[in-house]
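Those protein sequences? They're chains A and B, same order as listed.
For the first sequence, numbering that gives the first Met the number 0 gives the first residue as 0, with consecutive numbering after it.
For the second sequence, numbering that gives the first Met the number 0 gives the first residue as 0, with consecutive numbering after it.
The block underneath contains the structure these notes are about, expressed in C-alpha cells.
2 protein chains.
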Amino acid sequence: MKSVIILGGGNVASHLTRAFFKSKKVDLVQVYSRKLLQIEKWRDKTSITDDLTKLKDADVYIISISDDAIEQFSKELQLAGKLVVHTSGSVHMDALKTDRKGVFYPLQTFTKGKKVNFKKIPICIETSEKEDLLTLEKLATKISKKVFIIDSDQREKLHLGAVIVNNFTNHLYSIGKEICDKNDVPFEVLLPLIEETTRKVKTMAPLDAQTGPAKRNDRKTIEKQISQLTGNQKEIYKIITQSIVETYKKNGKEL
Amino acid sequence: MKSVIILGGGNVASHLTRAFFKSKKVDLVQVYSRKLLQIEKWRDKTSITDDLTKLKDADVYIISISDDAIEQFSKELQLAGKLVVHTSGSVHMDALKTDRKGVFYPLQTFTKGKKVNFKKIPICIETSEKEDLLTLEKLATKISKKVFIIDSDQREKLHLGAVIVNNFTNHLYSIGKEICDKNDVPFEVLLPLIEETTRKVKTMAPLDAQTGPAKRNDRKTIEKQISQLTGNQKEIYKIITQSIVETYKKNGKEL
Chain A
0 MKSVIILGGG NVASHLTRAF FKSKKVDLVQ VYSRKLLQIE KWRDKTSITD
50 DLTKLKDADV YIISISDDAI EQFSKELQLA GKLVVHTSGS VHMDALKTDR
100 KGVFYPLQTF TKGKKVNFKK IPICIETSEK EDLLTLEKLA TKISKKVFII
150 DSDQREKLHL GAVIVNNFTN HLYSIGKEIC DKNDVPFEVL LPLIEETTRK
200 VKTMAPLDAQ TGPAKRNDRK TIEKQISQLT GNQKEIYKII TQSIVETYKK
250 NGKEL
Chain B
0 MKSVIILGGG NVASHLTRAF FKSKKVDLVQ VYSRKLLQIE KWRDKTSITD
50 DLTKLKDADV YIISISDDAI EQFSKELQLA GKLVVHTSGS VHMDALKTDR
100 KGVFYPLQTF TKGKKVNFKK IPICIETSEK EDLLTLEKLA TKISKKVFII
150 DSDQREKLHL GAVIVNNFTN HLYSIGKEIC DKNDVPFEVL LPLIEETTRK
200 VKTMAPLDAQ TGPAKRNDRK TIEKQISQLT GNQKEIYKII TQSIVETYKK
250 NGKEL
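Written out as C-alpha cells, the structure is:
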C-alpha cells in the first residue's frame, strides 16, 4: 500500500485529504499545515503537524498550497531522495527544488464545503524520474478513474483551456443572470438551455454544435443586441461574435 | 381540445410539430410550408399544404419561419379574427400584422436530427388580447412543464441572455478544444470540469461560484496565459478577465 503525506490545509488539500481517507488502498500517514487550526478536523483520523521537522516517512509527499508559495516551500523541505509532488495546474514541475519530483493535478473546480465525487475527476500526473510515474499512477487510480499522463507544457495549455471553459463560462452565466434580473425574467428560464449546451459538448464537437446569430452572421440581430449592452459586456459580445463569424468563414462552413 | 396549424417546415417547426403529435391533447390539423418537400414526412399524420388559401380552421396558427420573414408572411395571411403567433426569441409580437396575435417561444437550441425532450423546454408566451393568454397557456402546458408569461421587451433581453449563455459558451468550448488539440491533450480531460460548472449554476448564483486567476486578480498567471494566445482568442481572454476583475472589485468581494 502506498503511503502519502499531504502538505497543505486549504481547499484543494482538504478535498484531496478526504478522497484519500475514503480510499482503503492508500495510507494517509500525516497532514501538515503551518496553520494547525485548518487541519484540526483530521486529528482523529491521522497524525497532524505544523512542524516541517516532524514529517514522517512516506512514499509520496503532496504539496497542495497556493501556486506562488510552492517553489519557496519546496526549498524548506528536508526530504532528500523522497518523491515530492505539487497539485497545481499552472506551476511547472521544475519549480519544485527537490531531487525526485512530480505533479499530481486534479483538474476540477473545488468549492469550499461542496462535496465532489473524486472518482470522476481527471488527475494529470507527471514525474521527473521515469520509475516514479508508476507510483504516482497507482496512487491516482486509487482515488480517480481518469488518470492522464500530461507533461508541464501540456498542463500549462490545459490550465489555460480550463480557465476558458470553466471560469469564463461561469462569468457568461453571471452576465446572463444579471440581464435576467434587471428585466424581471427568472434566470431559471435559461437553465435548460445551459444544460443542453453542456450535454451537446459530450457528444459532438463544439465547432459543429455552434448555433445563433453570430454563426449565421445575422447582422440585424447582432447590432440590436450590441445596442442593448454597455461597458465590458458590450465588448465581450462584440469580440466573441467577431471570433465566431471569423471561425465559420475560415472553416468554410455554411452561414 | 385545442386545434393548431403550424406554418413552417424548418428546424424549430419540425421539433414543434413532433411535440404536438406526441401530445394526445392537441389536435394538429394541418402543417403548411411553401416547400412541400420539407413537410412530406407529416403526410401520413395530418393534412399538409403549400397553398395559403387552403388553410383550415384552427384555434391557433403558429408561424415558425426565419425571423426576417415573419412580418411580411403575416401580411399575406387571410385569418381575420384568428389567433396567430410566432415562435421567435428576437422578433417583437407587433411584427405580426394580424388582429389577434401572440408569441409562443420555445427557449432551446434545436439541432437538426437531434431529438429533444420538449417537456423540459421553457415556453415563453405572450398575447395582444388578454383572453388569448389562457388559450396559449393551455396549449403550451400540453407539451411543456415550464411555461412563462414574458412580454416582448423581456423576451428580447432573454434572447440576448440566451445568446450569451448558450452560443458564446459553446464558442468558449470550441476555443478550449482547439487549445487541447494543438497540444495533444485529449479534450475529454476538460469535460468533467464543464459538467461541474453547469451543475453549480443550478444550485448557486454564478456570481458566488466564480473561481480562477481573474477572480483572484492573479496577474502572474493572467499575463502568462495572455502571452499564450493570439488574435481574437487573446482579445476574448483579456476582456473577460477585465470584466471578472472589475465585477469582483465592484461587488467588494474578497480577491
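In this text, a Cβ means the ideal position worked out from N, Cα and C, and glycines have one as well.
| Query | Result |
| --- | --- |
| Boundaries of the alpha helix (DSSP H) in which residue 91 of chain A is found, first to last residue | Run containing residue 91 of chain A: none; DSSP gives neither H nor E here. |
| Short Cβ contact (8 Å threshold) for residue 246 of chain A with residue 193 of chain B | no |
| Local conformation of residue 184 of chain A per DSSP, three classes | coil |
| Euclidean distance between Cα positions of residue 167 of chain A and residue 216 of chain A | 23 Å |
| Close beta carbons around residue 244 of chain A, own chain, < 6 Å, minus the five adjacent residues each side | 213 and 216 |
| Straight-line gap, residue 238 of chain B to residue 117 of chain A (C-alpha atoms, nearest Å) | 33 Å |
| Where residue 3 of chain B sits in the DSSP three-state scheme | strand |
| Residue 141 of chain A vs residue 22 of chain A beta-carbon contact at 8 Å | yes |
| Any C-beta of chain B under 8 Å from that of residue 286 of chain A | Residue 286 of chain A is absent from the model: chain A starts at 0 and stops at 254. |
| Ranges of the alpha helix (DSSP H) found wholly within the region 110 to 176 of chain A, counting only runs of at least 4 | 129 to 142 and 151 to 161 |
| Chain A within 8 Å of residue 170 of chain B, Cβ atoms only | yes |
| Segment limits, beta strand (DSSP E) that includes residue 27 of chain A | 25 to 31 |
| Minimum Cβ-Cβ distance from residue 166 of chain B to chain A less than 8 Å | yes |
| Nearest-angstrom Cα separation, counted from residue 136 of chain B out to residue 126 of chain B | 10 Å |
| Chain B residues whose Cβ lies nearer than 7 Å to that of residue 39 of chain A | None at all; the shortest Cβ gap to chain B is about 23 Å. |
| Endpoints, the beta strand (DSSP E) within which residue 46 of chain A is located | 46 to 48 |
| Where residue 163 of chain B meets chain A, residues with beta-carbon distance less than 7 Å | 171, 174 and 175 |
| Spatial distance of residue 83 of chain A from residue 60 of chain A (CA atoms) | 5 Å |
| Spatial neighbours of residue 99 of chain B in its chain, beta-carbon cut-off 8 Å, leaving aside the 5 residues before and after | 80, 81, 82, 83, 126, 127, 128 and 131 |
| Closer than 8 Å at the beta carbon, the chain A residues around residue 193 of chain B | 164, 165, 168, 197 and 200 |
| Contact between the region 47 to 63 of chain A and the region 173 to 192 of chain B (3+ Cβ pairs under 8 Å) | no |
| Contacts of residue 72 of chain A in chain B (Cβ-Cβ under 8 Å) | Near residue 72 of chain A there are no residues of chain B at all, since even the closest Cβ is about 16 Å away, more than 8 Å. |
| Spatially closest choice to residue 0 of chain B from B/148, B/179 and B/28, by CA coordinates | B/28 |
| Inter-residue CB distance, residue 122 of chain A and residue 145 of chain A (contact presumed, cutoff 8 Å) | 7 Å |
| Cβ pair residue 106 of chain A, residue 161 of chain A closer than 8 Å | yes |
| Within-8 Å CB hit, residue 153 of chain B to chain A | yes |
| Unbroken alpha helix (DSSP H) run spanning residue 101 of chain A, endpoints | No alpha helix (DSSP H) holds residue 101 of chain A; the beta strand (DSSP E) holding it covers 99 to 105. |
| Beta-carbon neighbours of residue 106 of chain B, restricted to chain A and to distances below 8 Å | 188, 189, 191 and 192 |
| Close beta carbons around residue 96 of chain A, own chain, < 8 Å, minus the five adjacent residues each side | 70, 73 and 74 |
| Residues, ordered as in the chain, of the region 210 to 222 of chain A that lie near chain B by beta-carbon distance below 8 Å | 210, 211, 212, 213, 214, 217, 219 and 220 |
| Sheet register partners of residue 82 of chain A (DSSP bridge) | A/59 and A/99 |
| is_contact[residue 89 of chain A, chain B] using C-beta, thresh 8 Å | yes |
| Test: residue 183 of chain B CB closer than 8 Å to a CB of chain D | Looking for chain D here will not work: the only protein chains present are A and B. |
| Sequence-distant residues of the same chain with beta carbon closer than 6 Å to residue 35 of chain A, five excluded per side | 49 |
| Cα-Cα separation, residue 5 of chain B to residue 53 of chain B | 13 Å |
| Three-way DSSP call (helix, strand, coil) for residue 71 of chain A in this model | helix |
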